[in-house]
Amino acid sequence: MDGQGTSGAAEPSGGAAEPSGGVAEPSGGAAGLSGGVAGPEALRPLVDEVLAGLAAGARRRGGPIVPGTPAEVAAAVREALAEARGPAALRRLAELLAYGAADPADPHCAAHLHCPPLAVAVAADLAVSALNPSQDSWDQAPAATALESELLAELAESVGFRPDRAAGVLTTGGTESNLMGLMLARDQRLGPDVELNGLPGNVRPRILASEAAHFSVQRAAALLGLGERAVRTVPVDRQLRMDPAALADAFAEAGWEGATTLAVVATAGTTDTGAVDPLHAVADLAARHGAWLHVDAAYGGGALFSERLAPLLDGIDRADSVSLDWHKLGWQPAAAGVFLAREARTYASLARRAVYLNPADDEEAGYPSLLGQSLRTTRRPDAFKLAATLRVLGRDGLGALVDRCHENALRAAELVRTTPELELHCDPVLTTVVFRYAVPDPAGSDRVNAGLRRELLRTGRAVVGRTELPGHGPGRVRLKLTLLNPHTTEAELASLISAVVEAGKAQPGARGTARPAT
Ligand SMILES: *Cc1c(COP(=O)(O)O)cnc(C)c1O
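One rule links them: number in the numbering used here = place in the sequence shown (from 1) + 12.
Shown next, in the form of structure tokens:
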């Protein structure tokens, strides 16, 4: 972390030239395979190379993110690609990737819902990569097929669904899970064969979601042929929780226009503040109006493992469908999304028969098929790393990590509250702290906060988030710490906050610095 840009990337990394000689030639040489009895021995020296590259790259970076501008980083990448050749290329490129990373394992990297993966989950994922099972047919993934079904039953139980009635699938994340929830909603309410252009003029499909709901809701509406404008946004309170009275108004208004509200999306853990919409109130309204309830718990789902925080998700069992993301508050390498539907029968519109994947006579003979659970065909067993993590750490072990991150958010909020230059937006709910460097003039405040964040990125000192509160006009830019590193200490939080304050003070127009005379 020397703030010297990417100059270091220009030199051949120390020692990267020799190790090629040290790589044993496995059977097949550079084209050796990872599977079979010989696979592990073919992998071992290569994994050692990767690990050596990761360690060297992290050492050289020395901080949360590669310092320098995007152009400097791109130049370092081009140079490494041009130079790396032969067996040494693997180590050189692994080193480049680590040097050029924003590494959430560093306590000063805390911008996004970008978690530092657990080593155990990554090791489990190596097994998946080595064997490459694909979940689109049983004969490509016999044990993985059964394992995904077992894990989904466990997770269904965690959200309060009946595992014998629920259905689900591993997804690429909240974006895909939200699309699936809204697709089932559309097909349940309008029928799977509906021709959207052919709806009677008085039927106008609507989706209701809060102003703080994830943008993938609008994108899903567009992909489903409903149009982005089918999503009506419902106002939120200061914490970014949906206002249930405003939701009731939105339903009433939809009625006047002859609109059909297909679905309500409740967010359990908004991306910015971690706020949880009032699930029971939203479920009551959805039930009264016959709308599908999708709960987007991509962020908040991790709270299910924490005894202390699980009550925040009370009412999630009333959802028709749920999104969970274990590559957020679950410490899995991406992708580790989960989609669950409370009733398997609502899944019918995804069912597919492909004669070469799930012939009917195979199914009659007892060969299960997950093909009809997913929008994808080829699909890696992302359930495996989570199942392994849950066995090694236990639910309590994961819950303890959630609690530590939550405690860190409370500590960081207290530090912000007691730092005169900073202003806390609201108390943390899960693991996120939203605040700003306080400057009285709204436009000046936006400039200072945006500028200080880029300054921290450029120097490689810290990666903090930047967002805007809902509404219009200047003064809405906020900084955000998304604290997903359970091992971050109080001292590390304090030094992160000081880095923000120092960068703020250095911005032109910040309070306490010389301002142009007016
Ligand atoms: C992150 C997030 C998503 C999108 O999930 P991906 O895994 O990035 O596709 C959806 N909803 C919420 C609330 C999120 O925080």
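Every residue gets a Cβ at the ideal spot worked out from N, C-alpha and C, and that includes glycine. On a predicted model such as this, the values are computed, not experimentally measured, just so you know.
Residue from the options whose Cα sits closest to the Cα of residue i
i: R103; options: A133, A117, A131 and G69; result: G69
i: A353; options: D308, H339 and Q344; result: D308
i: P154; options: L202, D453 and R392; result: R392
i: E419; options: P498, L402 and G384; result: P498
i: D329; options: A136, G172, Y111 and G40; result: G172
i: A346; options: L138, P57 and A42; result: L138
i: A395; options: V181, P175 and L191; result: V181
i: A322; options: G342, H301, R357 and S170; result: S170
i: P79; options: L387, Y111, A400 and L66; result: Y111
i: D115; options: A67, A100, W150 and L143; result: A67
i: S381; options: G40, A101 and D148; result: D148
i: D261; options: L297, R241, A503 and V277; result: L297
i: S386; options: A136, R174 and M192; result: M192
i: T494; options: P482, G483 and R478; result: R478
i: R90; options: P99, A100 and L105; result: L105
i: H124; options: T81, V62 and K492; result: K492
i: L325; options: D453, H292, A43 and L341; result: H292
i: E480; options: A224, R73 and A113; result: A224
i: L341; options: G47, Y311 and V243; result: Y311
i: V334; options: G281, A258 and V243; result: G281
i: P82; options: A506, T471 and T500; result: T471
i: A86; options: T389, A113 and R71; result: A113
i: V140; options: E84, G47, L109 and P57; result: G47
i: R73; options: L109, A221 and A101; result: L109
i: Y368; options: L220, P57 and T389; result: T389
Cβ-based neighbour list, residue i, same chain, cut-off 8 Å, excluding 5 preceding and 5 following
i: I509; result: A424, L427, V428, T431 and L434
i: V513; result: T431, E433, L434 and Y449
i: V134; result: P345 and K397
i: A511; result: H120, L468, R473 and A474
i: A356; result: R177, A178 and A179
i: V404; result: V132
i: L235; result: L191
Proximity test, residue i beta-carbon vs ligand 2 heavy atom, cut-off 7 Å
i: A310; result: Although ligand 2 was asked about, the structure shown includes only ligand 1 as ligands.
Sequence-distant residues of its chain with Cβ nearer than 7 Å to residue i (five each side left out)
i: D118; result: G75 and P76
i: G516; result: E433, Y449, V460, L464 and A522
i: F317; result: R407, L410, G411 and V414
i: G26; result: Residue placement at G26 is flagged as unreliable, the pLDDT there being 39, under the threshold of 50; the coordinate-derived value follows with that caveat. Contacts found: none.
i: D199; result: S361
i: P145; result: Q152, A153, A156 and P393
i: L45; result: G51 and A54
i: H301; result: F263 and T273
i: E502; result: R423
i: R416; result: P498
i: N370; result: S149, S381 and L383
i: A258; result: V246 and P247
Ligand 1 heavy atom lying under 7 Å from the CB of residue i
i: S228; result: yes
i: K340; result: yes
i: D337; result: yes
i: G349; result: yes
i: G239; result: no
i: G185; result: yes
i: T358; result: no
i: T283; result: yes
i: N190; result: yes
i: L493; result: no
i: L109; result: no
i: L125; result: yes
i: T389; result: no
i: T279; result: yes
Other residues of its chain near residue i: CB distance less than 6 Å, five sequence neighbours each side excluded
i: A197; result: L274, A275 and W304
i: A271; result: R216 and R218
i: A400; result: A136
i: E107; result: S25, G65, A68 and G69
i: R253; result: A287 and D289
Short CB-CB distance (under 8 Å) between residue i and chain D
i: R250; result: Of the protein chains in the structure, only one exists, and it is not chain D.
Query raised in the report: Counting Cβ pairs, one atom from each stretch, are 3 or more of them under 8 Å apart for the stretch 215-229 and the stretch 183-191?
Result: Segments in contact, yes.
Query raised in the report: With a cut-off of 8 Å, do at least 3 Cβ pairs link the stretch 163-176 to the stretch 361-381?
Result: Flag = no, the stretch 163-176 and the stretch 361-381 do not touch.
Query raised in the report: Three or more beta-carbon pairs under 8 Å between the stretch 439-446 and the stretch 86-100, yes or no?
Result: In short, these stretches do not touch, since the Cβ pair count stays below three.
Query raised in the report: Do the stretch 349-368 and the stretch 121-130 touch if we need at least three Cβ pairs shorter than 8 Å?
Result: With a cut-off of 8 Å, the stretch 121-130 and the stretch 349-368 do not count as touching, because too few Cβ pairs lie within range.
Query - Cβ contact (3+ pairs, closer than 8 Å) linking the stretch 484-492 and the stretch 452-459 - result: Yes: the two stretches touch, three or more of their Cβ pairs being nearer than 8 Å.
Report task. Answer yes if the stretch 241-254 comes into contact with the stretch 285-303, meaning at least three C-beta pairs across the two stretches below 8 Å, and no otherwise. Result -> With the cut-off at 8 Å, the stretch 285-303 and the stretch 241-254 touch.
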